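Peer 1: The sequence shown begins at 23 in my numbering and counts up one residue at a time.
Don't be surprised by glycine CBs; every beta carbon is placed ideally from N, CA and C.
Note that the structure is predicted; figures quoted are calculated from it, not measured.
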Amino acid sequence: MENKRRLLIILNRFVIGGQAVDTIPLVWNLRNDFEILILFGEKEKDELEPVFLLDKYPGLQLKKISYLRRSINPLIDIWAFFSVLYAIVKFRANIVHTHGAKSGFIGRISAWLAGVPVIIHTFHGHFFHSYFSPTISTLIAQVERLIGKVTTCAIALSDAQKEELASKYKILPLAKIKIIPLGFAFDQVNEPSILRNTFRNKYALHPDDVAVGIVGRIVAVKNHFFFNKIVQNLLTTPTANPAAFFIIGDGDLKTQVEKDLQQKGLPFSTRSITKEKRVVFTSWLTEMYEVMNGLDIVVLTSLNEGTPLSIIEAQYFKRPVVCTNVGGVKDTMIDSKTGFLSESNDETTFSKKLRLLIENKELRFQMGDEGYKFVSARFSKQKEVEMTRALYQGLLKEKGKG
23 MENKRRLLII
33 LNRFVIGGQA
43 VDTIPLVWNL
53 RNDFEILILF
63 GEKEKDELEP
73 VFLLDKYPGL
83 QLKKISYLRR
93 SINPLIDIWA
103 FFSVLYAIVK
113 FRANIVHTHG
123 AKSGFIGRIS
133 AWLAGVPVII
143 HTFHGHFFHS
153 YFSPTISTLI
163 AQVERLIGKV
173 TTCAIALSDA
183 QKEELASKYK
193 ILPLAKIKII
203 PLGFAFDQVN
213 EPSILRNTFR
223 NKYALHPDDV
233 AVGIVGRIVA
243 VKNHFFFNKI
253 VQNLLTTPTA
263 NPAAFFIIGD
273 GDLKTQVEKD
283 LQQKGLPFST
293 RSITKEKRVV
303 FTSWLTEMYE
313 VMNGLDIVVL
323 TSLNEGTPLS
333 IIEAQYFKRP
343 VVCTNVGGVK
353 DTMIDSKTGF
363 LSESNDETTF
373 SKKLRLLIEN
383 KELRFQMGDE
393 GYKFVSARFS
403 KQKEVEMTRA
413 LYQGLLKEKG
423 KG
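Shown next as structure tokens:
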């Protein structure tokens, strides 16, 4: 143990979502190479901790920093900063690797002050547009450029994201950015028909119903109000096959999204699909194998994205996708082969592409098969582990700590 280099990981929060689902199995696969500590912040009341990950990947050392929170509060944020700094110094970290905006800011500054030789940040997404006002977004980009000066290396998840970071927003030079795509170690699914029936029976779906799902936090950047418009279009002019819509997740805007559906004359349920109620809010679900087998199509309506986990998962389970063409989305699917891309807020095109899939079972199966082949080849967990290990070891060697 004493000969191992010390790797400290910092997550915004330990909640269901791309950061935890990617990072926990990644570092678990590096446990024989490094001594590892994972710091994470306080979750929001509408978020769910993925405790199933700790059952699947046991033996990891995690520590909650209760002052590290999503909301901005100068006093609490100062406490968070000193708590993280203390943890880094006490652990005597050789590498600090941050994930997420706030943990990235506090973690990298703390690591720099603590004299950590290797400081890495992964951009799972960014806040340079669509989250805040233009003024705030510009300020965030300026701060990121400053922190970039003390960052040894940044990891982008796709070619498109690297291009945005280096060329469009000029956060870091190209030489400081390494592309390491997310990797997934999906278990072999036995009896998918049983999983499918479990989901569909739970929500009283008819065998002819085509289930369309959107998965993720119900927050502004995910653009659920646009999703509502699509639902309205497809229910106002009914599809040849009956469509049922699932909003899977929770978040700050859930109540507003519900009210928006009501104003559009679209009744919804939290329990089951009925003839009158064609939309269901499920809240967070942890049995994603069951969910993805139960759905027929998965959509993404975001205004900004890094590498969307739900789209990769959907394709692995042979589900076609319809997505807005933002951020790194185009690198996670193949337009017109594993699903369809539509420009952001292009209601007409999005509705048309989704209607096509709802009404064409053969096309759904064809695109589903192509999606499975695509993500199986591109998003390998083993490859992500190997690339990350090589990056850590190479940077340590450059700093004379290898």
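Decide if Thr-323 is buried, meaning its Cβ has at least 16 other Cβ atoms within 10 Å, or exposed.
Peer 2: Flag for Thr-323 reads buried.
Peer 1: Do Ile-128 and Val-111 count as a contact pair if the criterion is CB distance below 8 Å?
Peer 2: Their beta carbons are not under 8 Å apart, which means Val-111 does not touch Ile-128 by this criterion.
Peer 1: Let me know the secondary structure DSSP gives Met-23 once reduced to three states.
Peer 2: In this prediction, Met-23 has a pLDDT of 47, which is less than 50 and means its spatial position is unreliable; what the coordinates show is noted afterwards. DSSP places Met-23 in coil when its eight states are reduced to three.
Peer 1: Under a three-way DSSP split, which group does Val-172 fall into?
Peer 2: Coil, per DSSP.
Peer 1: If we ignore side chains and look at the alpha-carbon of each, how far apart do Met-409 and Pro-330 end up?
Peer 2: If you take the alpha carbons of Met-409 and Pro-330, they lie about 20 Å apart.
Peer 1: Among residues of its own chain, excluding the 5 on either side of Gln-254, which ones have a beta-carbon nearer than 7 Å to its beta-carbon?
Peer 2: Closer than 7 Å at Cβ, skipping near neighbours: Lys-286, Leu-288.
Peer 1: Threshold first: 4 residues or longer. Then list the alpha helix (DSSP H) segments lying entirely within the segment 323-396, N to C.
Peer 2: Those alpha helix (DSSP H) runs which fall completely within the segment 323-396 and span 4+ residues are 331-338, 369-381.
Peer 1: With a threshold of 6 Å on Cβ separation, who are the neighbours of Asn-223 within its own chain once the five nearest residues in sequence on each side are excluded?
Peer 2: Excluding sequence neighbours, Asn-223 sits near nothing in its chain.
Peer 1: State yes or no: is the C-beta of Leu-413 within less than 8 Å of the C-beta of Ile-319?
Peer 2: Cβ distance not < 8 Å, so Leu-413 and Ile-319 don't count as in contact.
Peer 1: Sorted by chain position, which residues of the same chain lie with C-beta nearer than 6 Å to Lys-423's C-beta, five sequence neighbours on each side aside?
Peer 2: So the list reads Asn-116, Pro-139, once near-sequence residues are dropped.
Peer 1: Measure the Cβ-Cβ separation of Gly-361 and Val-348 and say whether it is below 8 Å.
Peer 2: Not closer than 8 Å, so no.
Peer 1: Do you know whose CA, among Ala-336, Phe-221, Thr-173, lies nearest Arg-130's CA?
Peer 2: When each option's Cα is compared against that of Arg-130, the closest is Thr-173.
Peer 1: If the criterion is Cβ atoms closer than 8 Å, does the pair Pro-214 and Asn-315 meet it?
Peer 2: The answer is yes: Cβ separation under 8 Å.
Peer 1: Is the separation between the beta-carbon of Phe-56 and that of Arg-27 shorter than 8 Å?
Peer 2: Yes, they are a contact pair.
Peer 1: Under a three-way DSSP split, which group does Ala-265 fall into?
Peer 2: Correct three-state label for Ala-265: strand.
Peer 1: What are the start and end residues of the beta strand (DSSP E) that includes Gly-273?
Peer 2: Run containing Gly-273: none; DSSP gives neither H nor E here.
Peer 1: Among Ser-332, Thr-370, Ala-399, which one has its Cα closest to the Cα of Lys-244?
Peer 2: Nearest of Ser-332, Thr-370, Ala-399 to Lys-244, Cα basis: Ser-332.
Peer 1: Report the option in Ser-366, Ala-242, Glu-384 whose CA atom is closest to the CA atom of Lys-359.
Peer 2: Nearest option by C-alpha distance: Glu-384.
Peer 1: Pair every Cβ in the segment 288-305 with every Cβ in the segment 199-215, then say whether three or more of these pairs are closer than 8 Å.
Peer 2: In short, these stretches do not touch, since the Cβ pair count stays below three.
Peer 1: Measure the C-alpha to C-alpha separation of Trp-135 and Ala-123 and round it to an integer number of angstroms.
Peer 2: The amino acid at residue 135 is misidentified as Trp; the sequence shows Leu. Those two C-alpha atoms are separated by around 18 Å.
Peer 1: Does the structure place the segment 35-43 close enough to the segment 55-71 that three or more beta carbon pairs sit under 8 Å?
Peer 2: The answer is yes - the segment 35-43 touches the segment 55-71, with three or more Cβ pairs under 8 Å.
Peer 1: Might you give, ordered along the chain, the residues of its own chain that have their beta carbon closer than 6 Å to the beta carbon of Ile-177, omitting 5 neighbours on each side?
Peer 2: These residues qualify, in order along the chain: Thr-144, Lys-200, Ile-202.
Peer 1: Closer than 6 Å by C-beta to Ser-373: which residues in its own chain qualify, once you throw out the five before and the five after it? Chain order, please.
Peer 2: Same-chain partners within the cutoff: Ile-252, Asn-255.
Peer 1: For Gly-137, is the classification buried or exposed, using 16 other Cβ atoms within 10 angstroms of its Cβ as the cut-off for buried?
Peer 2: Under this definition Gly-137 is an exposed residue.
Peer 1: Hey, out of Ser-366, His-246, Gly-273, whose CA is closest to Phe-267's CA?
Peer 2: The option with the nearest alpha carbon to Phe-267 is His-246.
Peer 1: Are Tyr-89 and Ala-102 touching if we call contact CB-CB under 8 Å?
Peer 2: Result yes, Cβ atoms of Tyr-89 and Ala-102 sit closer than 8 Å.
Peer 1: Whose C-alpha, out of Leu-29, Ile-216, Gly-328, is nearest the C-alpha of Gly-40?
Peer 2: For Gly-40, the nearest C-alpha among the options comes from Gly-328.
Peer 1: For Lys-419, does the three-state DSSP call read helix, strand or coil?
Peer 2: Helix.
Peer 1: State the DSSP-derived secondary structure class of Glu-64, mapped to helix, strand or coil.
Peer 2: It is coil, neither helix nor strand.
Peer 1: Straight-line CA distance for Arg-167 to Ile-193?
Peer 2: Cα to Cα, the separation comes out at about 5 Å.
Peer 1: Report, in whole angstroms, the separation of the C-beta atoms of Val-301 and Leu-307, which I expect to be a contact under 8 Å.
Peer 2: Not a contact, Cβ separation roughly 16 Å.
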